[in-house]
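The structure under discussion appears below in the form of structure tokens.
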Amino acid sequence: MDGLGIILNHLTHDFLLVFVATFLLFSFFSVFIKSKKKDNSEFTYCALPKLFTPAELSFYFVIKQAVSDSFDVFGKVGIADVISPDKEMNRKKWQSAFNRISSKHFDYVICDPNTLKVVAVIELDDKSHNLRKSVSRDLLINDVCRSANIKLIRFEAKSTYQIAFVREAINDVLNAHQ
1 MDGLGIILNH LTHDFLLVFV ATFLLFSFFS VFIKSKKKDN SEFTYCALPK LFTPAELSFY
61 FVIKQAVSDS FDVFGKVGIA DVISPDKEMN RKKWQSAFNR ISSKHFDYVI CDPNTLKVVA
121 VIELDDKSHN LRKSVSRDLL INDVCRSANI KLIRFEAKST YQIAFVREAI NDVLNAHQ
């Protein structure tokens, strides 16, 4: 081999060594960085057997019969999916208002079947609503609905319901606000 051939051979060999070393280094750091990311597998979850308690399910079917095809009924809808704090508030106040509603839900939401516009929300109040924590939550929901101009209908939880009574109560609230 002449001098030029030897030089090219060394350059090619050196380039290959640098390339392999860079590849191995990159691979090592890539695996290392991935292993440092938070591993969510330390948490385990299980599906709940049902969306509603027996009392909530029973009342859901009563509401469905009471409104028939006039409205769609959805259950356990997040309040923040229906209502948002006023965008006119400063960022800190907006975030505080959002945090107050973000982990809460409405028991039932009644919507126009064509547009899914919310026409009213329903809360089913059982005996737990007499507890201090529940009273505070109920007052918050009352205030939030009033502020957002969303019709709120409350029903006391019972073992049985008369569909005509529920229909009339819903219609009274909807007609009173039209």
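Residue 1 is where the sequence shown starts when you use full-length UniProt numbering, and the numbers rise one by one after that.
By construction, the Cβ of each residue, glycine as well, lies at the ideal position given by its N, Cα and C atoms.
Asked	Found
Three-state secondary structure (DSSP) of Val166	helix
Coarse secondary structure for Ser98, derived from DSSP in three states	Here residue 98 is Phe; the residue named in the question, Ser, does not match the sequence. Note: Phe98 maps to helix in three-state DSSP.
Cβ neighbour criterion (16 or more within 10 Å) applied to Pro54	exposed
Beta-carbon contacts of residue 195 that lie in its chain and below 7 Å, excluding the five residues immediately before and after	For residue 195 there is no data in the structure shown, the boundaries of the chain being 1 and 178.
Residue burial classification, Phe59 (beta-carbon count within 10 angstroms, cutoff 16)	buried
CB contact below 8 Å: Ile122 versus chain E	Judged by its chain identifiers, the structure shown contains no chain E, having just a single protein chain.
Residue from Ser159, Ser68, Val77 and Lys92 whose Cα sits closest to the Cα of Asn171	Ser68
Helix, strand or coil at Ala120 [DSSP, three-state]	strand
Nearest residue (CA-CA) to Ile153, options Lys76, Ala120, Asp138 and Asp86	Ala120
Beta-carbon spacing of Phe155, Leu174 below 8 Å	no
Coarse secondary structure for Ile153, derived from DSSP in three states	strand
Status (buried if at least 16 other CB within 10 Å, exposed otherwise) for Val62	buried
First through last residue of the beta strand (DSSP E) which encompasses Ile110	His105 to Cys111
Where Asp143 sits in the DSSP three-state scheme	helix
Asp107 versus Ile79, Ser96 and Ile83, residue with shortest Cα-Cα distance	Ile79
Pro85, buried or exposed, once every other Cβ within 10 Å from all chains shown has been counted against 16	buried
Continuous alpha helix (DSSP H) stretch holding Phe59: start and end	Pro54 to Val67
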